[in-house]
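Number of protein chains: 2
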Amino acid sequence: AIAQAVLAPMQGTAWAGRRVLITAGPTYEDLDPVRYLGNRSSGRMGYAVAAAAAAQGAEVTLVSGPVTLATPPGVRRIDVRSAEAMHAAVLDALPGQHVFIATAAVADFRPRERQASKIKKQAGSGLALDLVQNPDILADVAARQPRPFVVGFAAETDDVERYARDKLVRKKLDMIAANRVGTDDCGFDSDRNALAVLWHDGGAQVDMADKATVARRLLELILARLPDGA
Amino acid sequence: AIAQAVLAPMQGTAWAGRRVLITAGPTYEDLDPVRYLGNRSSGRMGYAVAAAAAAQGAEVTLVSGPVTLATPPGVRRIDVRSAEAMHAAVLDALPGQHVFIATAAVADFRPRERQASKIKKQAGSGLALDLVQNPDILADVAARQPRPFVVGFAAETDDVERYARDKLVRKKLDMIAANRVGTDDCGFDSDRNALAVLWHDGGAQVDMADKATVARRLLELILARLPDGA
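Going line by line, the protein sequences match chains A and B.
Anchor point for the first sequence: position 111 equals 111 in my numbering, and the numbering is continuous, going up by one each time.
Anchor point for the second sequence: position 29 equals 29 in my numbering, and the numbering is continuous, going up by one each time.
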């Protein structure tokens, strides 16, 4: 009875009949079988959004990079490692989705070549690593016709809102949720977060709270802006 | 009573009075507050060795890279992130140690500079990452006088024993434990492992088993080769 009383406010049917595609976690770009280029991301924010959307009746597909989190109840999860694999999984799952929420910290760059065997170091020498850009998942989803309502995330260390506003416009997103990373009490390694949520003609602040609460507040902001019939 | 019967064979006093310093897990080399260069390592093999040594009476210090493992009972754990931090923690903890077991997958290279702010990508361009070599923890410990009994690990994808024998001689180790990585059933992401253990005038094979069993067998091989009084 206590568990039900606590859970009750999170459950609902506000998202019933809506299909939501979410990316979460980091991507890892392998240099060789041992070494990789990674992003710091626990995946917790994306998993919290997936859990909250499913609890409110949405049909949720979660494309996840390498994390150590349990799959939220009722969520269909697809595991990937690299940005290219995430890009392919997202485009594959995209048809029929009403909303796309990209919380993953996707690597911008990957090594030009992945070595099949472990790279051996040479005594005394350095190494120049040749990186190429990864596909842009957000921009590619936003360019599709028909397209879902597209929500991006921006994790920035400086000028958070300026970069986020620029990304909203440049990648033709419908909404962007920006948070500052690199501080102690907020962002990837924390259970708490705060967001500045921006859309083309407005914005809202989601105050610092546990990520489950922040996820529900973000979903409310999205739901209020979905076009009729979506 | 059942738990005691199962645990009994693992407990013992064979290592009582001996101090053992162990490294475990990966190191992460930060490019900026979000991106890092990582090694694939769960830390499980090193944590199993630490747990087994402590269960047999050793005084164990565990210098650990970023992992999601619980500290084994009775083990003193020091958390680090980068190879340079691991190098400093190991040299700091070294005086008085009888045995040094280096299971960590230490990054050979780090970015020449760590950026305080997130690196922004330029449209259409790649990135050349300038890497420099990290300090060699194993070789630096082996060069100390007096020095502990030094055990290295070699995770290789090819020619495992040849590379391991070469590393044993080149870094002036007392023993090296080699395992093949990049296969499905063995190595960093697995609960099981098999080792080829080499020393200067001999060697032994530790057959595929759970990592706790492999750890105990490795400790037996080390104990049999410790100099009197160590």
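C-beta: ideal position from N, C-alpha, C; glycine also.
Predicted model only: the values in this text are computed from it and were never measured.
| Asked | Found |
| --- | --- |
| Give a yes or no on whether 8 Å exceeds the smallest Cβ distance from Asn39 of chain B to chain A. | yes |
| At 3 residues or longer, what runs of the beta strand (DSSP E) sit wholly inside the region 59 to 93 of chain A? | 59 to 64, 76 to 79 |
| Taking 8 Å as the cut-off, decide whether the C-beta atoms of Ala102 of chain B and Ile137 of chain B are in contact. | yes |
| Cutting at 7 Å between CB atoms, please list the residues of its own chain near Ala54 of chain A, excluding the five before and the five after it. | Val60, Pro72, Pro73, Gly74, Val75 |
| Going by beta carbon distance, what residues of the same chain come within less than 7 Å of Gly38 of chain A, once the five residues before and after it are set aside? | Pro26, Tyr28 |
| Do Leu218 of chain A and Gln115 of chain A come within 8 Å of each other at the CB atom, strictly closer than that value? | no |
| Using a Cβ-Cβ distance cut-off of 8 Å, determine whether Ala105 of chain B contacts chain C. | As a matter of chain content, chain C is missing from the structure shown, whose protein chains are A and B. |
| Pick out whichever of A:Ala14, A:Arg18, A:Arg112, A:Ala215 has its Cα sitting closest to the Cα of Gly126 of chain B. | A:Arg112 |
| Out of B:Ala196, B:Met208, B:Gly96, state which residue places its alpha-carbon closest to the alpha-carbon of Ser190 of chain B. | B:Met208 |
| Taking all protein chains shown into account, do 16 or more other C-beta atoms lie within 10 angstroms of the C-beta of Thr23 of chain B, making it buried, or fewer, making it exposed? | buried |
| For Gln56 of chain B, count the other beta carbons within 10 Å of its own beta carbon; 16 or more makes it buried, fewer makes it exposed. Which is it? | buried |
| Straight-line CA distance for Val298 of chain A to Gln11 of chain A? | No information on residue 298 of chain A is available, as it lies outside the stretch 1 to 230 that chain A covers here. |
| Going by the DSSP bridge assignment, what does Val150 of chain A pair with across the sheet? | A:Phe100 |
| Measure how close the beta-carbons of Arg165 of chain B and Ala52 of chain B come, nearest whole angstrom, since I'm counting them as under 8 Å. | 25 Å between Cβ atoms; not a contact. |
| What does Ile176 of chain B pair with, by DSSP beta-bridge criteria? | B:Gly152, B:Leu198 |
| Which residues of the region 108 to 130 of chain A have a Cβ closer than 7 Å to any Cβ of chain B? Give them in chain order. | Asp108, Phe109, Ser117, Lys118, Lys121, Gly126, Leu127, Ala128, Leu129, Asp130 |
| What's the C-alpha gap between Leu129 of chain B and Ala178 of chain A? | 27 Å |
| With distances taken Cα to Cα, identify the nearest neighbour of Val106 of chain A among A:Gln205, A:Val214, A:Val80. | A:Val80 |
| Closer than 9 Å, Cβ to any Cβ of chain A: which residues of the region 34 to 65 of chain B, in chain order? | Val34, Arg35, Tyr36, Leu37, Gly38, Asn39, Arg40, Ser41 |
| What is the residue span of the beta strand (DSSP E) that Thr23 of chain A lies within? | 19 to 24 |
| Which residues of chain B have a Cβ atom closer than 9 Å to the Cβ of Thr157 of chain A, listed in chain order? | Asp32, Pro33, Val34, Ala116, Ser117, Lys118 |
| Just reading off the beta strand (DSSP E) that Val132 of chain B is part of, what are its end residues? | 127 to 133 |
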